[in-house]
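Chemist: Provided herewith is a single structure, encoded as C-alpha cells, for subsequent inquiry.
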Amino acid sequence: MLRIGIMAALYEEIADLLDTMENVVTRRIGMRDYHAGTLHGQDCVVVLARIGKVAAAATAVTLIREFSVDRLVFTGLAGGVASHVNVGDVVIGTALLQHDLDASPLFPRHEIPLLSRSRISADSGLSAKLEQAAQRYIQQEWAQDIVPATREAFRLSVPRVHVGLIISGDQFVNRVASVRALREALPDALCVEMEGAAVAQVCHEYGARFAIVRTVSDRADDSASHDFSGFLAAVASHYSAGILRQVLDTL
C-alpha cells in the first residue's frame with residue numbers, strides 16, 4: 563500500500579481530514595505533530611507544516627526520511643495572479659518557482675544555486691489525478707458544501723480548474739503593485755503562495771513524487787488579508803477535504 567504525505571500551512575486546511583482519519587498514531591517531531599493513519603482507505607500521514615518556505619521544507623524532509631512517504635501532496639490557499647484566475651478557482655501546479663529567490667549576478671534570477679534550474683516540475687501522474695479529482699469535486703459536491711450565503715459573500719460562481727505555474731515566496735502578497743510586478747517578471751504565473759516551491763525543491767533533491775493543489779482565496783491585492791481570513795474559515799476545509807477524498811479514492 564502506498565503511503566501518502568499530506569501537508570498544509572494552516573490548521574483549517576486539514577481539520578476535516580484529521581476528523582475523518584482512522585487508526586491514528588501521532589508523533590511529535592521538530593515542533594510538529596505527524597498524524598499517521600488511514601484516510602479513505604489509504605495509508606496517510608497528515609501534518610500541519612506551518613507558514614513559509616523553511617517550515618514547509620523542514621516538514622517535507624521529515625515526511626520523506628522519517629515516514630517514508632511514497633507521494634507528497636500540499637493543499638492550501640493561494641492568491642490569484644493571472645487575470646483569468648478568480649476567487650474560488652483551483653490551481654494544480656505543473657511547475658513551482660521561488661519568485662523571491664535572486665542570487666544574481668552569481669546565478670540568473672530565480673535559479674536555485676547549484677541545481678541549474680528555477681522551475682521544478684511536479685509529478686505529472688499525481689497532478690493529473692488531482693486535476694481530475696478537483697473537477698469531480700466541483701461537479702459532484704461543491705454546490706452542497708458551499709452554501710448560497712457563502713457564494714454570495716465571496717461572489718463565487720462555479721469554480722474552474724487551472725493547471726500551470728505556481729510561484730512561492732516568503733511574503734504575503736497583498737498589494738496591486740506587487741501583483742503587477744509578479745505578472746511582469748513571470749507572465750505565466752497563475753497564483754502565489756508561501757510554501758509550494760520549497761516542497762518542490764526538497765522532493766526534487768530526494769527524488770520524491772509530489773503535487774501541489776491550491777484554492778484561490780483572494781486576488782493578492784489590497785483586500786487580500788480580509789478575503790483570506792474569511793475564505794479560510796468558510797470555504798478552505800471543504801475544498802481540501804473534498805478534493806483529497808476524491809484523489810485518494812483513485813490511488
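Number 589 in our numbering belongs to position 27 of the sequence shown; there are no gaps in the numbering. Cβ coordinates follow ideal geometry from the N, Cα and C atoms, glycine included.
Restricting to Cα atoms, I'd like to know which of R722, L810, G567 is closest to V649.
Modeler: The option with the nearest alpha carbon to V649 is R722.
Chemist: Please report the residue range of the beta strand (DSSP E) in which I613 lies.
Modeler: Careful: I613 lies outside any beta strand (DSSP E) and carries neither H nor E.
Chemist: T812: which of D750, V754, E703, E693 sits nearest, CA to CA?
Modeler: It is E693.
Chemist: Mind reading off the beta-carbon distance from D632 to I576? Whole number of angstroms is fine, and I expect it under 8 Å.
Modeler: Not confirmed; about 19 Å, so no contact.
Chemist: Counting only the same chain and skipping the five closest in sequence on each side, list residues whose C-beta sits under 6 Å from that of L663.
Modeler: Around L663: H672.
Chemist: My output table needs one value for V741: the three-state DSSP class, helix, strand or coil.
Modeler: If DSSP states are grouped into helix, strand and coil, V741 belongs with the helices.
Chemist: Contact defined as beta carbons within less than 8 Å: I believe A696 pairs with I805. What is the distance between those atoms, to the nearest angstrom?
Modeler: Yes, A696 and I805 are in contact; Cβ-Cβ is about 5 Å, under 8 Å.
Chemist: To the nearest angstrom, report how far apart F772 and S678 are at their CA atoms.
Modeler: The straight-line gap from Cα to Cα measures roughly 20 Å.
Chemist: Going by beta carbon distance, what residues of the same chain come within less than 6 Å of L579, once the five residues before and after it are set aside?
Modeler: The residues are V608, A803.
Chemist: With three or more beta-carbon pairs closer than 8 Å as the criterion, would you say the segment 603 to 621 touches the segment 760 to 776?
Modeler: Result yes; three or more Cβ-Cβ pairs closer than 8 Å.
Chemist: Which first and last residues belong to the alpha helix (DSSP H) in which L752 is found?
Modeler: No alpha helix (DSSP H) holds L752; the beta strand (DSSP E) holding it covers 751 to 755.
Chemist: With a CB to CB cut of under 7 Å and the five nearest residues on each side skipped, what residues in its chain are close to A795?
Modeler: Cβ within range, chain order: E574.
Chemist: L748: which of S730, I674, R612, V720 sits nearest, CA to CA?
Modeler: Measuring from the Cα of L748, the nearest candidate turns out to be S730.
Chemist: Measuring CB to CB, does G655 end up less than 8 Å from A611?
Modeler: Their beta carbons are not under 8 Å apart, which means G655 does not touch A611 by this criterion.
Chemist: Do you know offhand how far V775's Cα is from L676's?
Modeler: C-alpha separation (whole angstroms): 27 Å.
Chemist: Going by C-alpha distance, which of S689, V635, T777 is nearest I700?
Modeler: When each option's Cα is compared against that of I700, the closest is T777.
Chemist: Classify S791 as buried or exposed, calling it buried when 16 or more other Cβ atoms lie within 10 Å of its own Cβ.
Modeler: It is exposed - the Cβ of S791 has fewer than 16 other Cβ atoms within 10 Å.
Chemist: Which whole runs of the beta strand (DSSP E) in the segment 571 to 634 are 3 residues long or more, in chain order?
Modeler: Fully enclosed beta strand (DSSP E) runs of 3 or longer: 584 to 591, 594 to 601, 604 to 610.
Chemist: Which residue's Cα is closest to the Cα of E755: L659, L634, A622, G592?
Modeler: E755 has its Cα closest to that of L659, out of L659, L634, A622, G592.
Chemist: Measuring only the C-alpha atoms, how far is E584 from F636?
Modeler: Distance between the alpha carbons of E584 and F636: 20 Å.
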